[in-house]
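Numbering (our numbering), first residue to last: 5 to 86.
Put into structure tokens, the structure is as follows:
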């Protein structure tokens with residue numbers, strides 16, 4: 005992947021997060037996960053969970069990750085994120 009394509013994918017992931025996560029009334033942990041999931045869906049490096057496994061914070065992060073990954077992947081397949 006060229007550096008131009010990587011930058012474009014990174015910018016698309018950031019834009020998706022701004023539109024779908026930034027103003028969401030969810031916890032910071034959930035938002036962390038949603039951003040990470042969206043970055044993974046866009047083929048970018050994503051942040052792993054900084055919280056211990058099994059904690060409420062980690063559970064919220066994992067829920068957000070699932071949402072971010074699933075929604076961003078769906079929009080990419082539909083052409084909305086391209």
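Beta carbons are placed, not taken as given, at the ideal position from N, Cα and C, and that holds for glycine.
Residue interval of the alpha helix (DSSP H) (run including residue i)
{"i": "residue 74", "result": "60–82"}
Where residue i sits in the DSSP three-state scheme
{"i": "residue 33", "result": "helix"}
{"i": "residue 27", "result": "coil"}
{"i": "residue 41", "result": "helix"}
{"i": "residue 20", "result": "helix"}
{"i": "residue 56", "result": "coil"}
Best match in the options for proximity to residue i [C-alpha to C-alpha]
{"i": "residue 30", "options": "45, 49, 72", "result": "72"}
{"i": "residue 41", "options": "83, 82, 65", "result": "65"}
{"i": "residue 16", "options": "62, 68, 47, 70", "result": "47"}
{"i": "residue 45", "options": "18, 74, 83, 12", "result": "74"}
{"i": "residue 50", "options": "68, 63, 59", "result": "68"}
Exposure label - residue i; buried when at least 16 CB within 10 Å
{"i": "residue 25", "result": "buried"}
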